[in-house]
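Asker:
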């Protein structure tokens, strides 16, 4: 069965510091990985996806198949990055993208 | 344009009662998903619709849960004989699902604001 683990429920950093939100997964097939974000009083939204290899709002994430990880990184955190972050996995072999989410990490960026 | 909407935003009910939760997807989105988010957890998949049919209902916890999407747009999640353990935020998401076999990879899921269900 597929599983996504985010080991940190809470993460606090100061503005301008680097930040890394950890995500590990277990899946026997060919997974696709995503990061979703939920800002205060807003709905869950896609931040970035592995397949696009994009940088959104300064965030990047690299899929490491050897370590089965998809950590989210940003070199200089901003206060507006404070939010709940979810790592999610989709079965790359299906056609409908059912998502399995981790438990989430609350990121707080202090001024 | 309008995003995914869900009604009601909050629902309080008593144990044993029947509830219906509604989801209005983005117009033209053929794929619709329901997730359940318990306190302190990430969303958990319940059911997926492609058009009018439930293509995958493997996440429904038991037969008290049922969902429909009769015209391929609005969906209703129905819970019979509610239990205190059903208390959670129920999320709906829709997706354009236009990329065929790679849709699951490329198509973004757009989430609604959720319905917070409390069973007393």
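Residue numbers (my numbering), protein chains in the order written: chain A, 6 to 116; chain B, 5 to 124. Glycine included, each C-beta is placed from N, C-alpha and C at the ideal position. Just so we're clear, the structure is a prediction, and the values are computed from it rather than from any experiment.
1. The beta strand (DSSP E) that contains residue 54 of chain B, what's its start and end?
2. Ignore the nearest five residues each way along the sequence and tell me which others in residue 36 of chain A's own chain have a CB closer than 8 angstroms to its CB.
3. Taking the alpha-carbon of residue 59 of chain B as reference, which of B:66, B:25 and B:73 has the nearest alpha-carbon?
4. Look at the Cβ atom of residue 75 of chain A, then the Cβ atom of residue 66 of chain A, and state whether they are nearer than 8 angstroms.
5. Give the secondary structure of residue 88 of chain B by DSSP, where H, G and I count as helix, E and B as strand, and everything else as coil.
6. Keeping to the same chain, check which residues put their C-beta closer than 6 angstroms to that of residue 115 of chain A; ignore five residues upstream and five downstream.
7. Residues of chain A with CB closer than 7 angstroms to the CB of residue 69 of chain B, please, in chain order.
8. Using only CA atoms, which one of A:86, A:26 and A:82 lies nearest to residue 108 of chain A?
9. At a Cβ cut of 7 angstroms, what residues of the stretch 55 to 67 of chain B count as close to chain A, listed as they run along the chain?
10. Where does the unbroken beta strand (DSSP E) through residue 115 of chain A begin, and where does it stop?
11. Output needed for residue 44 of chain A: all residues of its chain with C-beta closer than 7 angstroms, excluding positions within five of it in sequence on either side, in chain order.
12. When DSSP builds the beta bridges, which residues end up paired with residue 25 of chain A?
13. Which chain A residues sit within Cβ distance under 7 angstroms of residue 99 of chain B?
14. Under 8 angstroms between beta-carbons, which chain A residues line up against residue 113 of chain B? List them in chain order, please.
15. Using a Cβ-Cβ cut-off of 8 angstroms, state whether residue 46 of chain B counts as contacting chain A.
16. Measuring CA to CA, which of A:111, A:32, A:51 and A:64 is closest to residue 39 of chain A?
17. When the Cα atoms are used, what is the spatial distance from residue 64 of chain B to residue 9 of chain A?
18. How close, in whole Å, do the beta carbons of residue 120 of chain B and residue 20 of chain B come, if the pair is a contact with beta carbons under 8 angstroms?
Answerer: Concretely, from the data shown:
1. Indexing the second chain from 1 puts residue 54 of chain B at position 50. Unbroken beta strand (DSSP E) run through residue 54 of chain B: 48 to 54.
2. Taking the first residue of the first chain as 1, we reach residue 36 of chain A at position 31. The answer, listed in chain order, is 7, 30, 94, 95, 96 and 97.
3. As a first step, residue 59 of chain B is located in the second chain; it is residue number 55 there, counting from the start. The shortest C-alpha separation from residue 59 of chain B is found at B:73.
4. Along the first chain, read from residue 1 onward, the residue named residue 75 of chain A stands at position 70. Along the first chain, read from residue 1 onward, the residue named residue 66 of chain A stands at position 61. Going by C-beta atoms, residue 75 of chain A is nearer than 8 angstroms to residue 66 of chain A.
5. Taking the first residue of the second chain as 1, we reach residue 88 of chain B at position 84. Secondary structure at residue 88 of chain B: helix, using DSSP grouped into helix, strand and coil.
6. For the purposes of this step, residue 115 of chain A is taken as residue 110 along the first chain, with counting starting at 1. By the criterion of a C-beta distance shorter than 6 angstroms, residue 115 of chain A is surrounded in its chain by 19, once the five residues flanking it on both sides are discounted.
7. Here residue 69 of chain B refers to the residue found at position 65 of the second chain. The contacting residues do not exist; residue 69 of chain B stays about 16 angstroms from chain A at best.
8. Residue numbering aside, residue 108 of chain A sits at position 103 when the first chain is read from its first letter. Closest by alpha carbon: A:26.
9. Listed by position, the residues of the stretch 55 to 67 of chain B near chain A (Cβ gap below 7 angstroms) are 59 and 60.
10. The residue you call residue 115 of chain A lines up with position 110 of the first chain. Segment 110 to 115, the beta strand (DSSP E) holding residue 115 of chain A.
11. In the first chain, counting from the first residue as 1, residue 44 of chain A sits at position 39. Here the set comprises 88.
12. Reading the first chain from its first residue, position 20 is the one you call residue 25 of chain A. A:78, per the DSSP bridge assignment.
13. Along the second chain, read from residue 1 onward, the residue named residue 99 of chain B stands at position 95. Here the neighbours are 102.
14. On the second chain, residue 113 of chain B is found 109 positions in, with the first residue counted as 1. Within chain A, the residues near residue 113 of chain B are 51, 102 and 104.
15. If you number the second chain from 1, residue 46 of chain B lands on position 42. For residue 46 of chain B, the answer is yes, since a Cβ of chain A falls inside 8 angstroms of its Cβ.
16. The residue labelled residue 39 of chain A in the question sits at position 34 within the first chain. The option with the nearest alpha carbon to residue 39 of chain A is A:51.
17. By one-based count along the second chain, residue 64 of chain B stands at place 60. By one-based count along the first chain, residue 9 of chain A stands at place 4. Between the C-alpha atoms of residue 64 of chain B and residue 9 of chain A there is a straight-line separation of about 19 angstroms.
18. As a position in the second chain, residue 120 of chain B is number 116, starting the count at 1. As a position in the second chain, residue 20 of chain B is number 16, starting the count at 1. 19 angstroms between Cβ atoms; not a contact.
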